[in-house]
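Asks: Per the numbering used here, residue 152 is the first one in the sequence shown, and the count goes up by one each step. Yeah, the Cβ is synthetic: ideal placement off N, Cα and C, and Gly gets one too.
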Amino acid sequence: MNHNPVVLIVEDEEAIITLLEYNYEKEGYTVITARDGEEAWLCIQETIPDLVVLDWVLPKLSGIELCRRLRDRTKTRNLPVIMLTARGEEADRIRGLDTGADDYLTKPFSLSELMARTRAVLRRIRPALAEEVVTYGELVIDRSCHRVKRGELDVHLGPTEFRLLDHLIQHPGRVFSREQLLDAVWGSDVYVEERTVDVHIGRLRKALNKTQGKDPIRTVRSAGYSLDESFAR
Ligand code: CA
């Protein structure tokens, strides 16, 4: 599971593509680009990104039309779209949002404004993707480099343990059954025995509790596991 949000930039002006690509990558996003609406459409059929930054006027298929198509499909109905356009008129703005864009920026726009809007849109729609570094009590999880620290010490986790912790930390205090953890961390179409969850929770615990201190993970009898809320205090 890749925690770098994937941004698809759909734009036909080379200079703007370069600028956006540079800035999104600098902020830790993975960038895909498309030069016209049709290319973008094909691209999305293959991989659904986490966000689309979409120019209004594009060759072949316009931004508006592409947005409309995305909204018509179940798989892409909730895909966040930020529209970019040279048109600044109120009527266009409303039309853009009517088509289903989540936000709308008029060219020339400031990059810091675009980045802020991007974070806001992602936070609203996919809260788990928005922050790169999550702190929980003594624990610090850095998603960009898959590193975990407890206080000053590095905690070495395998990929599954990392995903487990990352999932729990998104919902502190909430109790997850083994089945829910399997779905969230392993994927619902993978067949894994529920006991496997216990094994990985055990490993996660061991790694987190190498030093003295409180165990951040709570076992809830016959229910499952949760991240102990009192650990954050
Ligand atoms: Ca254009």
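Which whole runs of the alpha helix (DSSP H) in the stretch 212-293 are 4 residues long or more, in chain order?
Replies: Listed in chain order, they are 214-223, 241-249, 262-276 and 278-281.
Asks: Who does ALA185 pair with in a DSSP beta bridge?
Replies: Answer by DSSP bridge pairing, in chain order: VAL161.
Asks: Start and end of the alpha helix (DSSP H) containing LYS357?
Replies: Taken as a continuous stretch (DSSP letters only), the alpha helix (DSSP H) holding LYS357 covers 345-359.
Asks: On the three-state DSSP scale, how would you describe SER377?
Replies: Residue state, collapsed to three classes: strand.
Asks: Output the distance between the C-alpha atoms of GLY324 and GLN331, rounded to the nearest integer angstrom.
Replies: Looking at the two C-alpha atoms, the distance is approximately 15 Å.
Asks: In angstroms with no decimal places, state the Cα-to-Cα distance between ILE195 and VAL182.
Replies: Rounded to the nearest angstrom, the two C-alpha atoms are 13 Å apart.
Asks: Using only alpha-carbon positions, find the residue among LEU171, LYS365 and LEU315 that is nearest to PHE260.
Replies: Among LEU171, LYS365 and LEU315, the Cα nearest to that of PHE260 is on LEU171.
Asks: With respect to 8 Å, is the separation between the Cβ of TRP207 and the closest non-hydrogen atom of ligand 1 below this value?
Replies: It does: the Cβ of TRP207 is within 8 Å (strictly closer) of some heavy atom of ligand 1.
Asks: Return yes when the C-beta of ASP317 is under 8 Å from any heavy atom of ligand 1, and no when it is not.
Replies: Every heavy atom of ligand 1 is 8 Å or more from the Cβ of ASP317, so no.
Asks: Counting only the same chain and skipping the five closest in sequence on each side, list residues whose C-beta sits under 6 Å from that of ASN360.
Replies: Counting only Cβ-Cβ distances below 6 Å, and skipping sequence neighbours, we find ASP366.
Asks: So does ASP144 have its beta carbon nearer than 8 Å to some heavy atom of ligand 1?
Replies: Since the first residue shown for the chain is 152 and the last is 384, residue 144 is missing from the structure and cannot be characterised.
Asks: If you drop the 5 nearest sequence neighbours on each side, which residues of the same chain put their C-beta closer than 7 Å to that of ILE320?
Replies: Same-chain partners within the cutoff: VAL285, TYR287, ILE292 and LEU378.
Asks: Excluding the five sequence neighbours on either side, which residues of its own chain have a C-beta within less than 7 Å of the C-beta of THR347, listed in chain order?
Replies: Within the same chain, THR347 has no close Cβ partners at all.
Asks: Over the uninterrupted beta strand (DSSP E) stretch that includes THR370, give me the two end residues.
Replies: From DSSP, the beta strand (DSSP E) with THR370 extends over 368-371.
Asks: Pull up the CB-CB distance for ARG294 and ASP317, whole angstroms please, since I reckon it's below 8 Å.
Replies: Confirmed, Cβ separation roughly 7 Å.
Asks: Need the endpoints of the alpha helix (DSSP H) that LEU319 sits in, please.
Replies: Taken as a continuous stretch (DSSP letters only), the alpha helix (DSSP H) holding LEU319 covers 310-321.
Asks: Span of the beta strand (DSSP E) holding LEU205?
Replies: Note, LEU205: beta strand (DSSP E), 202-206.
Asks: Just the C-alpha distance for GLY338 and ILE368, rounded to the nearest angstrom, thanks.
Replies: Approximately 22 Å between the Cα atoms of the pair.
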